[in-house]
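Visitor: In my numbering, the protein residues as written are 518 to 690.
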Amino acid sequence: MFRLRLANMSDTFDIKELMRLSISELQKGYLTDEQIKASFSIMGIDTQLIIDETYFCVKIKDTMVGCGGWSMRSTLYGGNHSKNRDKKRLNPKSDRGRIRAMYTHPNYVRQGVGSIILKKAEESAKNFGFNQLEMAATLSGREFYEKCGYKVERSWNDDSAVPIPMFTMVKSI
């Protein structure tokens, strides 16, 4: 049913549209309308993940239903447009890999899409030499990640114009 593969640059339009849908719909009930709108300034596609071949997508036929991955770079979250991006490579022996940009199509939540991507990202990061991962999770994603074995290390607000609650979550792999 679901087809998982590495994302490539020709997927960027579909990934951006999936991110737009996911942020717009799945943050409802967790964030205010103002916070959802502000989320677009701190979330989005980071093509460095595609270049590094650490970003995956899940499709059903021609429909992109999920995307996400991991990073060996210092940037914890954000897209190409985000300030404070850092392409510095992390050291698997001393640093945590990053789980990045996990999005599921609103019509396909709770059907295993996120789990498929997260498992693949964790396996890929482990094969690269990382034994710990961290992420910046949103309120809407926190429960899912906790069920997958991630623990909240700290909670904080993004420093955008409208504070958006975030969680640094960690897991040993």
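Positions of the beta carbon are idealized from the N, C-alpha and C atoms, including for glycine. Note that this is a predicted model, so its numbers are computed, not measured.
Is the distance from the Cβ of Gly586 to the Cβ of Leu566 below 8 Å?
Guide: In this structure, Leu566 lies closer than 8 Å to Gly586 by Cβ.
Visitor: Secondary structure at Asp675, three-state DSSP: helix, strand or coil?
Guide: The answer is strand: DSSP assigns Asp675 an E or B state.
Visitor: Can you check which of these residues, Glu570, Thr564, Leu607 and Leu593, is closest to Ile532 by C-alpha distance?
Guide: Here the closest residue by C-alpha is Thr564.
Visitor: Check whether the Cβ atoms of Tyr594 and Ala524 lie closer than 8 Å to each other.
Guide: Contact: no.
Visitor: Can you tell which of Cys584, Arg602 and Asn648 has the C-alpha that lies nearest to the C-alpha of Asn608?
Guide: Looking at the Cα atoms, Asn648 is the closest of the given residues.
Visitor: According to DSSP, is Lys688 part of a helix, a strand, or is it coil?
Guide: DSSP places Lys688 in strand when its eight states are reduced to three.
Visitor: Check whether the Cβ of Phe684 lies closer than 7 Å to any heavy atom of the ligand ATP, and answer yes or no.
Guide: For the structure depicted, the ligand ATP is absent and the ligand set is empty, with no information on it obtainable.
Visitor: Is Asp603 closer than 8 Å to Ser588 when the C-beta atoms are compared?
Guide: For Ser588 and Asp603, no; Cβs fall outside 8 Å.
Visitor: Where DSSP assigns a beta bridge to Glu651, which residues make up the other side?
Guide: Beta-bridge pairing links Glu651 to Arg615 and Val687.
Visitor: Could you spell out the range, first to last residue, of the beta strand (DSSP E) harbouring Lys576?
Guide: From DSSP, the beta strand (DSSP E) with Lys576 extends over Tyr572 to Ile577.
Visitor: Would DSSP call Tyr706 helix, strand or coil?
Guide: Past the edges of the chain, shown from 518 to 690, lies residue 706, and the structure says nothing about it.
Visitor: With distances taken between CB atoms, is the gap from Ile553 to Ser677 smaller than 8 Å?
Guide: Not closer than 8 Å, so no.
Visitor: For the putative contact between Met619 and Gly658, defined by C-beta atoms under 8 Å, what is the C-beta separation to the nearest angstrom?
Guide: The Cβ separation is near 7 Å, so the contact holds.
Visitor: Could you check what DSSP says for Val626 in three-state terms: helix, strand or coil?
Guide: Note: Val626 maps to coil in three-state DSSP.
Visitor: For Arg537, report the span of its alpha helix (DSSP H) as first-last.
Guide: Where Arg537 is concerned, the enclosing alpha helix (DSSP H) stretches over Thr529 to Leu543.
Visitor: Give me the Cα-Cα distance between Phe519 and Gly614, rounded to the nearest whole angstrom.
Guide: Their backbone Cα atoms lie some 26 Å apart in a straight line.
Visitor: Taking buried to mean at least 16 other C-beta atoms within 10 Å of its own C-beta, is Glu660 buried or exposed?
Guide: With fewer than 16 other Cβ atoms within 10 Å, it is exposed.
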